[in-house]
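S.K.: In terms of the working numbering, the sequence shown opens at residue 45 and continues consecutively.
Don't be surprised by glycine CBs; every beta carbon is placed ideally from N, CA and C.
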Amino acid sequence: MKRTFVTTMPDRAGAFLGASRVIAELGLNITRVSYNKAIDTHTLFIEAEGSHARLERAAERLRELGCLQSDMDGSSVLLVEFRLRDTPGSVAAVLELIEQYNFNISYLSSQENGTAWQLFKMGLFVEQPEQFSDFLNAASLLCPVRVVDYDKAEKILDNSIFYVSFANELAQRLDLPETERTELVIRANQVMQLLDERGESFHKTFDYIRGFGEALAACRGNAFQPRISEYSFGPDLRLLLIEPPCGSNTCILCHQGQYLFIDTGYACYREEMLALLHRLLPDFDRAPRAALITHADVDHCGLLDLFTCVYLSRKSRDSLLLERTSRGGFRERNPLHAPYIRICKALTSYRTAEPERLRVIGGSSAPLAQPLEEVGSWSFGSLSFQVLEGQGGHLPGELALVERERQLVFTGDILVNIRELTAEQAHYNHYAPYLMTSVDTDPALCARERKELPNVLGPGRWSVFGGHGPRKELVVE
């Protein structure tokens, strides 16, 4: 198994040498190292592979050496602007106050502007946030002072504790537990290293990770306003389409007091979705309900614990069961996708599905020979579905459900309606393609699947419900 150690190192070569000796003495193999002084002068990431017992011993030894980073508290860098008289020594009183509160200065910027005043900006590393309010009150007696809402994409104000500050900022926005903060630091570093090797700016990488987290946080609570559409397929069958600002659609088929959910969205919107479902379906808690997932991506599987039965393909079941291991599911075994997926899991409070809930409706663990193949049939109410499995262009195990009598098809992410996304959905959707390099496992294969779909459907005017975006009408001549 593998484990990443987040170490706090002084800026010298011997520090890495000491840590590497500890790992070598225990017979562990170093599989990844990442250090970038321009980002964080003291944080070194070392990934090692070996047995669980030896990795635990390595953690103990590194902790004994005092280099294992464990302080993921509320520390942060705050940019403060002091309006000082442009006279010799005017900054001395402010510096003495900063020393009194034991804040470290990580950034300084000041320049005369032709007036009697000078705006002096300082980045202050605050380890005990409760002290900061007192500090501001004391500083305001010396001079006008304000906390600046700076553009984080342009400036990294403290490259000595950047990772801790970055993780704490996102954790606070999304109310993440302490256990997720170290995971977020490790995966953010992996994304940065991956994209840095492809020539991308680390400023942009961290800006995109932060933007992704802020997009998730901005839609919490009363701001969770999905687009909702309703369709009728006869007197006893209706469909509700829920399109949240972030994450996958959820389709709900309603038939004589029974509900089938196709995909479930993100786990972080659990309370918002439950409030919405109780409003749309007053008998939700009492009615029989099941879920069907089109594929095993985090944004489609976040609320599977709400259902006693979850229907899926054999490969999707394989992937969800693999998530319970240290290597993770199919996405996480793709080195280009793994860091982002683990960030996504941390930010959305994702939990793996319980095996006893999973019910396979088609397919096998073996690879397919064609872009789309029929792997079974399935029914709900008066609907009879042909179950198609894709070859894995987006993700192995992906399903499309075809109801030929009503010319209705659920395509998951094999085919989505990108052109008619809301502004919020489009904003959210632009982060993953950059951070994953592509949302598809095999983009060329995914294109072949989309091209093949009309041929499999045959002539007609089809109502297509994809994993993202509103219903799409597909006319096949």
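Excluding sequence positions up to five away, which residues of its chain have a Cβ less than 7 Å from the Cβ of P188?
M.R.: Against the sequence shown, residue 188 aligns to sequence position 144. Closer than 7 Å at the Cβ level, and outside the excluded window around P188, lie R127.
S.K.: Apart from the five residues on each side of it in sequence, which residues of its chain come closer than 7 Å, Cβ to Cβ, to T392?
M.R.: If you number the sequence shown from 1, residue 392 lands on position 348. Around T392: L260, Y310, A311, C312, V342 and G346.
S.K.: Tell me which residue opens and which closes the alpha helix (DSSP H) that E493 is part of.
M.R.: Here residue 493 is taken as the residue at index 449 of the sequence shown, counted from 1. Run containing E493: P487 to L501, per the alpha helix (DSSP H) assignment.
S.K.: Roughly how many angstroms separate the alpha carbons of Y194 and L123, rounded to a whole number?
M.R.: What you label residue 194 is simply residue 150 of the sequence shown in a count that begins at 1. What you label residue 123 is simply residue 79 of the sequence shown in a count that begins at 1. Low confidence applies here, because Y194 scores a pLDDT of 45, under 50, leaving its location unreliable and the question unanswered by this model.
S.K.: When the Cβ atoms of the segment 502-514 are set against those of the segment 451-462, are three or more pairs found closer than 8 Å?
M.R.: A contact exists between the segment 502-514 and the segment 451-462.
S.K.: Ignoring anything shorter than 3 residues or poking outside the segment 312-364, list the beta strand (DSSP E) runs there in chain order.
M.R.: DSSP runs (the beta strand (DSSP E)) wholly in the segment 312-364: 333-336 and 354-357.
S.K.: Taking Cβ to Cβ, would you say N473 is nearer than 8 Å to L465?
M.R.: By 1-based counting over the sequence shown, the position of residue 473 is 429. By 1-based counting over the sequence shown, the position of residue 465 is 421. Against a cut-off of 8 Å, the Cβ pair of L465 and N473 comes out as a contact.
S.K.: Here's the rule: buried if 16 or more other CB atoms are within 10 angstroms of the residue's CB, otherwise exposed. What is Q269?
M.R.: Looking up residue 269 in the sequence shown gives position 225. So Q269 ends up on the exposed side.
S.K.: Measure from the alpha carbon of T352 to the alpha carbon of each residue in R368, A340 and P332, then state which is nearest.
M.R.: Position 308 of the sequence shown, counting from 1, holds the residue named residue 352. Of the candidates R368, A340 and P332, the one whose C-alpha sits nearest the C-alpha of T352 is P332.
S.K.: Could you check whether R386 and E227 sit closer than 8 Å to each other, using their CB atoms as the reference points?
M.R.: Here residue 227 refers to the residue found at position 183 when the sequence shown is read from its first residue. Here residue 386 refers to the residue found at position 342 when the sequence shown is read from its first residue. Yes, the Cβ-Cβ distance between E227 and R386 is below 8 Å.
S.K.: Give a yes or no on whether the minimum CB-CB distance between L238 and chain B is below 8 Å.
M.R.: Judged by its chain identifiers, the structure shown contains no chain B, having just a single protein chain.
S.K.: Tell me where the alpha helix (DSSP H) around V40 begins and ends.
M.R.: The displayed coordinates of the chain run from 45 to 521. Any statement about residue 40 would go beyond what the structure contains.
S.K.: Tell me, which residues are paired with I142 by DSSP?
M.R.: Counted from its first residue, the sequence shown places residue 142 at position 98. In the DSSP output, where bridge partners are listed per residue, I142 has none listed.
S.K.: Tell me the rounded alpha-carbon separation between A68 and G243.
M.R.: Working through the sequence shown from its first residue, we reach residue 68 at position 24. Working through the sequence shown from its first residue, we reach residue 243 at position 199. Those two C-alpha atoms are separated by around 31 Å.
S.K.: Which same chain residues end up closer than 7 Å to A63 when comparing Cβ atoms and leaving out the 5 residues on each side of it in sequence?
M.R.: Position 19 of the sequence shown, counting from 1, holds the residue named residue 63. The residues are T51, I90, L106 and C111.
S.K.: Compute the distance between the beta-carbons of Q469 and E241, then report whether it is under 8 Å.
M.R.: Here residue 469 refers to the residue found at position 425 when the sequence shown is read from its first residue. Here residue 241 refers to the residue found at position 197 when the sequence shown is read from its first residue. No.
S.K.: Between which residues of its own chain and E367 is the CB-CB distance below 6 Å, once the five residues before and five after are set aside?
M.R.: To locate residue 367, count along the sequence shown from 1; it is residue 323. Counting only Cβ-Cβ distances below 6 Å, and skipping sequence neighbours, we find G373 and T396.
S.K.: Taking contact to mean at least 3 C-beta pairs separated by less than 8 Å, is the segment 433-445 in contact with the segment 477-497?
M.R.: Judged by Cβ distances under 8 Å, the segment 433-445 makes contact with the segment 477-497, as three or more pairs qualify.
S.K.: Return yes when the Cβ of V354 is within less than 8 Å of the Cβ of A335, no when it is not.
M.R.: Counted from its first residue, the sequence shown places residue 335 at position 291. Counted from its first residue, the sequence shown places residue 354 at position 310. Going by C-beta atoms, A335 is nearer than 8 Å to V354.
S.K.: Going by beta-carbon coordinates alone, are P415 and E496 separated by less than 8 Å?
M.R.: As a position in the sequence shown, residue 415 is number 371, starting the count at 1. As a position in the sequence shown, residue 496 is number 452, starting the count at 1. Result yes, Cβ atoms of P415 and E496 sit closer than 8 Å.
S.K.: Just to confirm, is the Cβ distance from V404 to S363 under 8 Å?
M.R.: Here residue 404 corresponds to residue number 360 of the sequence shown, with the count starting at 1. Here residue 363 corresponds to residue number 319 of the sequence shown, with the count starting at 1. Cβ atoms of V404 and S363: not closer than 8 Å.
S.K.: Would you call the CB atoms of F210 and A183 closer than 8 Å?
M.R.: As a position in the sequence shown, residue 210 is number 166, starting the count at 1. As a position in the sequence shown, residue 183 is number 139, starting the count at 1. Contact: no.
S.K.: How is the beta strand (DSSP E) around H299 delimited, first residue to last?
M.R.: Translated into the one-based positions of the sequence shown, residue 299 becomes position 255. Segment T294 to H299, the beta strand (DSSP E) holding H299.
S.K.: Closer than 7 Å: is that where the CB of P279 sits relative to any heavy atom of the ligand FMN?
M.R.: The ligand FMN is absent from the structure shown, which contains no ligand whatsoever.
S.K.: Closer than 7 Å by C-beta to R494: which residues in its own chain qualify, once you throw out the five before and the five after it? Chain order, please.
M.R.: Along the sequence shown, read from residue 1 onward, the residue named residue 494 stands at position 450. If we look at R494 and ignore the five residues flanking it on each side, its Cβ neighbours are I458 and L459.
S.K.: What is the rounded straight-line gap between the Cα of A382 and the Cα of Q237?
M.R.: As a working mapping, residue 382 is identified with position 338 in the sequence shown. As a working mapping, residue 237 is identified with position 193 in the sequence shown. C-alpha separation (whole angstroms): 13 Å.
S.K.: Are M166 and L152 close, meaning C-beta to C-beta below 8 Å?
M.R.: As a position in the sequence shown, residue 166 is number 122, starting the count at 1. As a position in the sequence shown, residue 152 is number 108, starting the count at 1. The answer is yes: Cβ separation under 8 Å.
S.K.: Using only the alpha-carbon positions, how far apart do Y79 and L88 sit?
M.R.: As a working note, residue 79 is residue 35 in the sequence shown. As a working note, residue 88 is residue 44 in the sequence shown. Their backbone Cα atoms lie some 5 Å apart in a straight line.
S.K.: State the CB to CB distance for the pair F277 and R450, rounded to an integer number of angstroms; the pair is presumed to be in contact (CB under 8 Å).
M.R.: Here residue 277 corresponds to residue number 233 of the sequence shown, with the count starting at 1. Here residue 450 corresponds to residue number 406 of the sequence shown, with the count starting at 1. With 8 Å as the limit, F277 and R450 qualify as a contact, their Cβ atoms being about 5 Å apart.
S.K.: Quick check on DSSP: helix, strand or coil for K516?
M.R.: Taking the first residue of the sequence shown as position 1, residue 516 is located at position 472. DSSP places K516 in strand when its eight states are reduced to three.
S.K.: So the candidates are G158, R492, V170 and F206; which of them puts its Cα closest to the Cα of V191?
M.R.: Looking up residue 191 in the sequence shown gives position 147. Per the Cα distances, V170.
S.K.: Residues bridged to F246 by DSSP?
M.R.: For the purposes of this step, residue 246 is taken as residue 202 along the sequence shown, with counting starting at 1. Looking at the DSSP assignment, F246 forms no beta bridge with any residue, so it has no partner.
S.K.: Taking DSSP as the reference, what is the three-state secondary structure of Y475?
M.R.: One-based indexing of the sequence shown puts residue 475 at position 431. Of the three classes helix, strand and coil, the one that applies to Y475 here is helix, per DSSP.
S.K.: Anyone know if the C-beta pair for Q162 and S154 falls short of 8 Å?
M.R.: Taking the sequence shown and counting its residues from 1, one reaches residue 162 at position 118. Taking the sequence shown and counting its residues from 1, one reaches residue 154 at position 110. Going by C-beta atoms, Q162 is nearer than 8 Å to S154.
S.K.: Secondary structure at V189, three-state DSSP: helix, strand or coil?
M.R.: As a position in the sequence shown, residue 189 is number 145, starting the count at 1. V189 falls in the strand class under three-state DSSP.
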